[in-house]
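*Asks:* The structure under discussion is supplied below as structure tokens; questions concerning it will follow.
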Amino acid sequence: DIFRFAKQQGAIGAYVHPFGGPVSGVQMRDPLETDLGIAKAFPVDVALETISYHELWSTASEVGLIPWHHALNNGFKVPVTGGEDSISSMHRTPLVGSMRGYFFLGKRNLRWDRFTEALLRGRGFVTNGPLLEFWAGKAMPGEEIRLPEGGGAIRFRGILRSLVPLDRLELVHNGNVLEKIPLPGDRRHAEFEKDITVTHSGWYTLQAFGNERVHPVEDARPMATTNPVYVMVGGEPIRSKESADYFVRWIDKLAQMAGSHPGWRSEKEKQHVLAQFQEAREVYVGRGAVSP
């Protein structure tokens, strides 16, 4: 309801520091396996289209990619940025801008309305240091390519620049690593081109990670990801039964947690919120049913 009220007034809104976790990709835990993180109602607001964008990371943790990727797999275009949750009046807090988003405005001068427009279109990337450029054909992050029935070939191109050495540069398709791109020399710069035959609708991102803290990156480790380029083949929607079922299980767990919470002000308030959960659940059930 709060996000809806904001939209009615012309504002944009999203959860802050929604999901965290260990910095090790091996040890990280899916929020569904724990307490659903801070943004417990994220899949509900995605399904009801009440959030305007998503703050993917506040600190270095790959955990946040999991629910975001599932949202994309359900056909929702959820643009992401970063925010370090800096409290500048405290002595122990992240530096302002240590986690951030960069967005492409073209040749236009920087203005707040132009920046937010680019953010909402997903025309950029999220980072605490590494810089990424990414294209699919002539499309940049946030844009869409349409192919005829049966698909076709697309040339994917990317550039990485980093002040510190990195350990992984990956081309991602629908949440899975499609290509591991070599990092030559000092592992601070890489470029690639790859022709891929696309036969089904989906999304693609470029992501980069380091394994440990390296000065001057003010975080547990360097990391970055682009927003997706969307590729639509014929009239096929982007769908995944696995990702739809994932959010059905999430909402079932959320409803159980919320239903037993002692903090409701009235039964009417409780039933109103639980009804929104059910409405969102039905969206994912429906999307899972039409998964290719």
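Add 953 to a position in the sequence shown, counting from 1, and you land on the number used in our numbering. Each residue gets a CB set at the ideal place from its N, CA and C atoms; glycine is no exception.
Please state the DSSP three-state secondary structure of Q1229.
*Replies:* In the structure shown, Q1229 sits in a helix (DSSP, three-state: H, G or I).
*Asks:* Just how far apart, CA to CA, sit I1107 and R1140?
*Replies:* Roughly 27 Å separates the two Cα atoms.
*Asks:* Could you name the residues that DSSP lists as bridge partners for I1107?
*Replies:* In the DSSP output, where bridge partners are listed per residue, I1107 has I1149.
*Asks:* Would a C-beta distance cut-off of 8 Å place E1144 and I1112 closer than the cut-off?
*Replies:* Result yes, Cβ atoms of E1144 and I1112 sit closer than 8 Å.
*Asks:* Considering Cα atoms alone, identify which of A1089, Q1209, L1207 and T1046 is closest to W1156.
*Replies:* Closest by alpha carbon: A1089.
*Asks:* Just to confirm the assignment, what range does the alpha helix (DSSP H) spanning G1212 have?
*Replies:* First-last of the alpha helix (DSSP H) with G1212: K1194 to G1212.
*Asks:* Pop quiz: L1073 and I965 are said to be a contact at Cβ under 8 Å. What is the actual Cβ separation, rounded to whole angstroms?
*Replies:* Confirmed, about 7 Å.
*Asks:* What does DSSP give as the partner residues of M1185 in its beta bridges?
*Replies:* Answer by DSSP bridge pairing, in chain order: R1099.
*Asks:* Would you kindly work out how many angstroms separate the C-alpha atoms of A1161 and D1172, rounded to a whole number?
*Replies:* So the two alpha carbons sit approximately 14 Å from each other.
*Asks:* With a CB to CB cut of under 6 Å and the five nearest residues on each side skipped, what residues in its chain are close to T1152?
*Replies:* Same-chain partners within the cutoff: G1104.
*Asks:* If you drop the 5 nearest sequence neighbours on each side, which residues of the same chain put their C-beta closer than 7 Å to that of H1023?
*Replies:* Correct list, in chain order: S1196, Y1199 and F1200.
*Asks:* How should R1192 be labelled, buried or exposed, when 16 other C-beta atoms within 10 angstroms of its C-beta is the threshold for buried?
*Replies:* Flag for R1192 reads buried.
*Asks:* Let me check understanding here. Comparing Cα to Cα, which of V1186, V1117 and D1205 lies closest to H1168?
*Replies:* Checked all of V1186, V1117 and D1205; the closest Cα to H1168 is V1117.
*Asks:* Specify, as a first and last residue, the run of the beta strand (DSSP E) that Q1160 falls within.
*Replies:* From DSSP, the beta strand (DSSP E) with Q1160 extends over G1155 to F1162.
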